[in-house]
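S.K.: So the number in the numbering used here is just where the residue sits in the sequence shown, counting from 1, plus 18. All C-beta atoms in this analysis are idealised placements derived from N, C-alpha and C, irrespective of residue type, glycine included. First, the structure itself, so that you have it in front of you.
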Amino acid sequence: AMAVSEQEPFFTKKNLLQMPNKTASSVVTPPSTTEIWSYTANTDDLSSNFTSLLDKDLATKGSWRQDYEFYCSQFNIIPCPFIKSSIESDSESCRVANCIVDLSSWRAMLLACCTVGSKVCEISVHASQLSVHHLTDLSKAIEKSGLIRVLKLQYLSIEVTAENSIAYSNAIRPLFNDTMNLEYISIKGNNFGDEFVQPLVASLCKNFRLKFLNLSGNVLSDVTVLELFSALRLTTNLTDICLADNNLSGDCLNKLLAPILLGNEIATADDEAIVKANTKYVTDRNKNIKETNKKRKKAGYLEWNELALSGECIVKKDGKLQVFNRSFKSFDFSRNTIQTEQLLLFVRDLKAASDISVSSSKMAMVFKGLPNKLPPDALAEMVSFNSPWVELVLDSNMN
19 AMAVSEQEPF FTKKNLLQMP NKTASSVVTP PSTTEIWSYT ANTDDLSSNF TSLLDKDLAT
79 KGSWRQDYEF YCSQFNIIPC PFIKSSIESD SESCRVANCI VDLSSWRAML LACCTVGSKV
139 CEISVHASQL SVHHLTDLSK AIEKSGLIRV LKLQYLSIEV TAENSIAYSN AIRPLFNDTM
199 NLEYISIKGN NFGDEFVQPL VASLCKNFRL KFLNLSGNVL SDVTVLELFS ALRLTTNLTD
259 ICLADNNLSG DCLNKLLAPI LLGNEIATAD DEAIVKANTK YVTDRNKNIK ETNKKRKKAG
319 YLEWNELALS GECIVKKDGK LQVFNRSFKS FDFSRNTIQT EQLLLFVRDL KAASDISVSS
379 SKMAMVFKGL PNKLPPDALA EMVSFNSPWV ELVLDSNMN
């Protein structure tokens, strides 16, 4: 596979996502071996005992690399040289890049992430080929660990077809459950389409853990983004969303996002029932987490964080209950085919509502690299935009 350079979206700047800043010196190479690795070299794929090994509470040997060496030695696995780790402060990250990773190496990697005392908080797969089996095992391992916060599945060599779409979607969907404890998910640069991604984002209405979502570099239309906004109407945990480099016209901005942000959408009886059900769900989940933490502590694992209750999403306005969600921190719509009239309508609505509420920090709306050159009057209106709660981020030559 060709190496693909990574460009982090706007919302993953350090001030928005406090992730360790890794340096070249922190990268740990895989264990050395005299045997030559290839994705067909390993005969034991651990398929018969992966789940049973995952259920065992094996203490870490000290680091991910040492644990990976142990599992490779135990099952005569030639380590994949494209699986590496990096260490920063008190945490570790695992990275697979530019390869067709064999199931043996993959499963040894995942087992090494789940040892008692493991400090792995991030798994990143870049420009590599994964099968349905890889993804299914990934879900099992992440749920077992409970401490992996960041998952990046970017520029994957996955060709989703009519024949395999359901299998792949079913394999990826569990990763979007809050039982995974993930706070950051990126499926950037995979050319996933609407039919594939819609079920994933629709499930986020029941995810009360995720904070950052990167859907950039796919082929999503406004239909999928409307599904996403609909799922997030009554939750407040997911605050930073990157939708750059898709096929958005901007229809999603005015049909649903603006009404949610401005409190112009009538709250139905079903909405009120959903809010109550969500509160009960989070309360019950936290009870289960407390019980689970007792067992984890006894086994030597670090404890899981409890879920935060959603903030207020329904308010009374002009004597009526309205959906009003101002929890978002950033949206990145860069390099989409946003239509000028849709963009101006959205910006004017935001400007007119500048006196509704002033939050402690501004929400960033990023519109960089718009393909259509804005007319001079539209450009002037964008550049002169000023609001106490929204920051428009444009190309530097437009400001």
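Using 8 Å as the threshold, is the C-beta distance between Ser267 and Gln360 below it?
M.R.: Position 249 of the sequence shown holds residue 267. Position 342 of the sequence shown holds residue 360. Cβ distance < 8 Å, so Ser267 and Gln360 count as in contact.
S.K.: Under three-state DSSP, which class holds Ser50?
M.R.: Residue numbering aside, residue 50 sits at position 32 when the sequence shown is read from its first letter. No answer about Ser50 holds up, because its pLDDT of 49 lies below 50 and its placement is not dependable.
S.K.: How about Asn264 and Asn354: are their beta carbons less than 8 Å apart?
M.R.: Here residue 264 refers to the residue found at position 246 of the sequence shown. Here residue 354 refers to the residue found at position 336 of the sequence shown. Their beta carbons are under 8 Å apart, which means Asn264 touches Asn354 by this criterion.
S.K.: Is it right to say Gln92 is buried, meaning 16 or more other beta carbons lie within 10 angstroms of its own, or is it exposed?
M.R.: What you label residue 92 is simply residue 74 of the sequence shown in a count that begins at 1. With fewer than 16 other Cβ atoms within 10 Å, it is exposed.
S.K.: Keeping to the same chain, check which residues put their C-beta closer than 7 Å to that of Ile307; ignore five residues upstream and five downstream.
M.R.: In the sequence shown, the residue the question calls residue 307 occupies position 289. Cβ neighbours of Ile307 beyond the five flanking positions: Trp322, Glu324.
S.K.: Does DSSP classify Ala371 as helix, strand or coil?
M.R.: Taking the sequence shown and counting its residues from 1, one reaches residue 371 at position 353. If DSSP states are grouped into helix, strand and coil, Ala371 belongs with coil.
S.K.: With three or more C-beta pairs closer than 8 Å as the rule, is the stretch 398-414 touching the stretch 378-390?
M.R.: Judged by Cβ distances under 8 Å, the stretch 378-390 makes contact with the stretch 398-414, as three or more pairs qualify.
S.K.: Quick one: is Val401 buried, meaning 16 or more other Cβ sit within 10 Å of its Cβ, or exposed?
M.R.: Locating residue 401 in the sequence shown gives position 383, counting from the first residue. So Val401 counts as exposed.
S.K.: In whole angstroms, give me the CA-to-CA distance for Leu129 and Ser109.
M.R.: Mapped onto the sequence shown, residue 129 falls at position 111. Mapped onto the sequence shown, residue 109 falls at position 91. Answer to the nearest angstrom: the Cα atoms are 17 Å apart.
S.K.: How big is the Cα-Cα spacing for Asp63 and Asp120?
M.R.: The sequence position of residue 63 within the sequence shown is 45, counting from 1. The sequence position of residue 120 within the sequence shown is 102, counting from 1. Each residue's alpha carbon lies about 8 Å from the other.
S.K.: So, is Asn404 buried or exposed, given that buried needs 16 or more other C-beta atoms within 10 angstroms?
M.R.: As a first step, residue 404 is located in the sequence shown; it is residue number 386 there, counting from the start. Its Cβ having fewer than 16 others within 10 Å, Asn404 is exposed.
S.K.: When DSSP labels each residue in this structure, what does Ser146 get in the three-state scheme?
M.R.: Within the sequence shown, the letter at position 128 stands for residue 146. It is coil, neither helix nor strand.
S.K.: Considering only the beta carbon of each residue, do Val215 and Leu200 sit closer than 8 Å?
M.R.: Within the sequence shown, the letter at position 197 stands for residue 215. Within the sequence shown, the letter at position 182 stands for residue 200. Cβ distance not < 8 Å, so Val215 and Leu200 don't count as in contact.
S.K.: Taking C-alpha atoms, which residue in Val114, Ile105, Lys305 lies nearest to Trp82?
M.R.: Residue numbering aside, residue 82 sits at position 64 when the sequence shown is read from its first letter. The shortest Cα separation from Trp82 among Val114, Ile105, Lys305 belongs to Ile105.
S.K.: Would you decide whether Ser136 is buried or exposed? Buried here means 16 or more other CB atoms lie within 10 Å of its CB.
M.R.: Indexing the sequence shown from 1 puts residue 136 at position 118. Burial call: buried.
S.K.: Could you round the C-beta distance between Asn169 and Ile203 to whole angstroms and report it? I think they count as a contact, below 8 Å.
M.R.: Looking up residue 169 in the sequence shown gives position 151. Looking up residue 203 in the sequence shown gives position 185. One detail in the question is off: residue 169 reads as Leu in this sequence, not Asn. At roughly 5 Å, the Cβ-Cβ gap stays under 8 Å, so Leu169 and Ile203 are in contact.
S.K.: Quick check for students: name the residue ranges of the alpha helix (DSSP H) that lie wholly in the stretch 298-379, counting only runs of 4 or more.
M.R.: Counting only runs of 4 or more, we get 358-370.
S.K.: Near Leu279, what residues of its chain come up, given a Cβ to Cβ distance below 6 Å and the 5 sequence neighbours on each side ignored?
M.R.: Locating residue 279 in the sequence shown gives position 261, counting from the first residue. The answer is none, since no qualifying residue turns up.
S.K.: Taking the alpha-carbon positions, what's the Val150 to Asn188 distance?
M.R.: Residue 150 sits at position 132 when you count from the first residue of the sequence shown. Residue 188 sits at position 170 when you count from the first residue of the sequence shown. Between Val150 and Asn188, the C-alpha separation is close to 9 Å.
S.K.: So what's Tyr57 in DSSP terms, helix, strand or just coil?
M.R.: As a first step, residue 57 must be located in the sequence shown, where it is residue number 39. Coil.
S.K.: Inspect the CB distances between the stretch 284-300 and the stretch 255-263 and report whether three or more fall short of 8 Å.
M.R.: No: fewer than three Cβ pairs fall under 8 Å.
S.K.: In three-state terms, what does DSSP make of Leu171?
M.R.: Numbered from 1 along the sequence shown, position 153 holds the residue referred to as residue 171. It is a strand residue.
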